[in-house]
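Peer 1: Residue numbers (the numbering used here): 2 to 361.
Even for Gly, the Cβ is constructed at its ideal location relative to N, Cα and C.
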Amino acid sequence: MIKRKLSQKTKFGHELLKTKNFSLIYLDSGNLHYSYKKDRTLIFGDIDLSKKRFKIIPLFLLASIFTIYIGFIPESKAAMNGVIENREYEENSERDKYAKKADKKYLEETEKMKMKYLSSQSKRSEKLRIIHYKVKPYESILDISKKFNLSIESILASSNLKDGNLQPGTILNIPNKQGLLYKFKKGDTLAKVASFYQVSIQDVVGENELTDVDVFLPGQKIFLPGASIPESPIVWYPPVSSRRITSGFGWRTFPTPKFHDALDLRANYDIVRAARTGVVIFSGWMGGYGNTVIIDHTKGFKTLYAHNSKLKVRAGDYVRANKAIAVSGCTGYCFGAHLHFEVIKNGKTVNPKKYVGGLR
Numbered sequence: 002m003i004k005r006k007l008s009q010k011t012k013f014g015h016e017l018l019k020t021k022n023f024s025l026i027y028l029d030s031g032n033l034h035y036s037y038k039k040d041r042t043l044i045f046g047d048i049d050l051s052k053k054r055f056k057i058i059p060l061f062l063l064a065s066i067f068t069i070y071i072g073f074i075p076e077s078k079a080a081m082n083g084v085i086e087n088r089e090y091e092e093n094s095e096r097d098k099y100a101k102k103a104d105k106k107y108l109e110e111t112e113k114m115k116m117k118y119l120s121s122q123s124k125r126s127e128k129l130r131i132i133h134y135k136v137k138p139y140e141s142i143l144d145i146s147k148k149f150n151l152s153i154e155s156i157l158a159s160s161n162l163k164d165g166n167l168q169p170g171t172i173l174n175i176p177n178k179q180g181l182l183y184k185f186k187k188g189d190t191l192a193k194v195a196s197f198y199q200v201s202i203q204d205v206v207g208e209n210e211l212t213d214v215d216v217f218l219p220g221q222k223i224f225l226p227g228a229s230i231p232e233s234p235i236v237w238y239p240p241v242s243s244r245r246i247t248s249g250f251g252w253r254t255f256p257t258p259k260f261h262d263a264l265d266l267r268a269n270y271d272i273v274r275a276a277r278t279g280v281v282i283f284s285g286w287m288g289g290y291g292n293t294v295i296i297d298h299t300k301g302f303k304t305l306y307a308h309n310s311k312l313k314v315r316a317g318d319y320v321r322a323n324k325a326i327a328v329s330g331c332t333g334y335c336f337g338a339h340l341h342f343e344v345i346k347n348g349k350t351v352n353p354k355k356y357v358g359g360l361r
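Structure follows, in structure tokens:
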């Protein structure tokens, strides 16, 4: 019987057929899930091969009918994607097995937890104050950022540091609001500095209560409210070497009809790399997402890397673009090794292809 052969050899969630407009996915006990686009309508449902009317239809014939009707375009596809623990778990551990059988409530809880890390936060303060803070042993830039509720950018720029690799004893300048403390150099003018850091001259004058905006001595310090270190053209790196998209950004129907706000990338236990320089704000177990890494970048961006088998970084680590951060796998609500990759801008997921080149 077709039903018995399928259940013995085929895993739940395995994609049997993928075309431009149609997909056929194996469920269990010989059941199938299909979806296809017709004009602008998405049609989907399940096929129960145990029913009498399906027993006489060989699977290859069923697939052939759909192939002829829709048009065959071969593609591959990995699995789908929800509470949180600051450690990693091995594939097929009890925690992982539970996540692979996750119900709707479990996945919803995962999404809520994830959004706590992805939501942008801002701070408004009263009169400017600058304190001098001495870095303690084992203290990361992320720890200090959380302690003062201040962006990492503001701390680094105000302290004239290029990256977040801090040494114990380092003295930091900590403002009580977002922005940076700037030290004038010979030849600087207020207009030149304001233009370079893309801030308003009026805001700078008001914040620093300046009465003379024409003369600044080398070494004189002013605070630039809301400023950050200008970056050279940002380069995004593909997080895995294959660059192959197995499931795109958009609506899909298996295992539940849902908008897929990420790209699934082909990665068979391969090295996962940071798409951009930033600070790790989460590294551990995240329910349906399995072993997950989230990196906070500049300009309101964050990236998320899920379903990993191994994690190579910890929360608080400063990582440079293209640095190895994990090994891909299939932990969490997942049916085949791959990388679930998200780009988040100002708290909202966006299509990674808009920023990361070479993905196909």
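Who are the near neighbours of residue 96 in its chain, counting only those whose CB is closer than 6 Å to its CB and skipping five residues on each side?
Peer 2: 90
Peer 1: How long is the line joining the alpha carbons of residue 367 and residue 49, rounded to whole angstroms?
Peer 2: Residue 367 lies beyond the residue range present for the chain, which begins at 2 and ends at 361; the question has no answer from this structure.
Peer 1: Quick check: residue 244 and residue 361, are their CB atoms within less than 9 Å of each other?
Peer 2: yes
Peer 1: For residue 314 and residue 295, I'd like the C-alpha separation in whole angstroms.
Peer 2: 10 Å
Peer 1: Classify residue 197: buried if its beta carbon has 16 or more other beta carbons within 10 angstroms, exposed otherwise.
Peer 2: Exposed is the call here.
Peer 1: Would you say residue 338 and residue 348 are within 9 Å of each other, going by their C-beta atoms?
Peer 2: no
Peer 1: For residue 309, is the classification buried or exposed, using 16 other Cβ atoms within 10 angstroms of its Cβ as the cut-off for buried?
Peer 2: buried
Peer 1: From 290, 169, 208 and 300, pick the residue whose C-alpha is nearest to that of residue 110; which is it?
Peer 2: 290
Peer 1: My output table needs one value for residue 207: the three-state DSSP class, helix, strand or coil.
Peer 2: helix
Peer 1: How many Å lie between residue 253 and residue 262 at the Cα?
Peer 2: 10 Å
Peer 1: I want to know whether the segment 201-210 touches the segment 156-166 - three or more CB-CB distances under 8 Å.
Peer 2: no
Peer 1: Please determine whether the Cβ atom of residue 102 lies at a distance below 8 Å from any heavy atom of the ligand MN.
Peer 2: The ligand MN is absent from the structure shown, which contains no ligands of any kind.
Peer 1: Please state if the CB of residue 220 and the CB of residue 259 are separated by a distance shorter than 9 Å.
Peer 2: no
Peer 1: Got a sec, what are the start and stop residues for the beta strand (DSSP E) residue 134 sits in?
Peer 2: 131-135
Peer 1: Just to confirm, is the Cβ distance from residue 140 to residue 167 under 9 Å?
Peer 2: Yes.
Peer 1: Between 239, 178, 146 and 334, which lies nearest to residue 93 when the distance is taken from Cα to Cα?
Peer 2: 334
Peer 1: DSSP three-state label for residue 140, please.
Peer 2: In the three-state scheme derived from DSSP, where H, G and I count as helix and E and B as strand, residue 140 is classed as coil.
Peer 1: Within 10 angstroms of its Cβ, does residue 267 collect 16 or more other Cβ (buried), or is it exposed?
Peer 2: buried
Peer 1: With residue 111 as the anchor, note down where its beta strand (DSSP E) starts and where it stops.
Peer 2: Here residue 111 belongs to no beta strand (DSSP E); instead the alpha helix (DSSP H) covers 105-119.
Peer 1: To which residues of the same chain is residue 222 closer than 8 Å at the C-beta, ignoring the five residues directly before and after it?
Peer 2: 182, 183, 184 and 185
Peer 1: Give every residue of the same chain whose Cβ lies closer than 6 Å to the Cβ of residue 217, excluding the five residues on either side of it in the sequence, and list them in chain order.
Peer 2: Non-local C-beta neighbours of residue 217 in its own chain, meaning closer than 6 Å and more than five positions away in sequence, comprise 185, ordered along the chain.
Peer 1: Between the Cα of residue 102 and the Cα atoms of 193, 179, 288 and 154, which residue gives the shortest distance?
Peer 2: 288
Peer 1: Mapping the DSSP letters down to three states, classify residue 157 as helix, strand or coil.
Peer 2: helix
Peer 1: Considering just the uninterrupted stretch of the alpha helix (DSSP H) at residue 194, what are its terminal residues?
Peer 2: Counting along the chain, the alpha helix (DSSP H) containing residue 194 begins and ends at 191-197.
Peer 1: If contacts are defined as beta-carbon pairs under 8 Å, then residue 224 and residue 129 qualify, I think. What distance do you get, rounded to the angstrom?
Peer 2: 5 Å
Peer 1: Could you check the C-alpha separation between residue 195 and residue 34 for me, to the nearest Å?
Peer 2: Spanning the alpha carbons of residue 195 and residue 34 requires a straight line of approximately 58 Å.
Peer 1: Could you tell me the distance, in whole angstroms, from the CA atom of residue 320 to the CA atom of residue 47?
Peer 2: 44 Å
Peer 1: Suppose you measure from the CA of residue 240 to the CA of residue 350; what does that come to, to the nearest Å?
Peer 2: 17 Å
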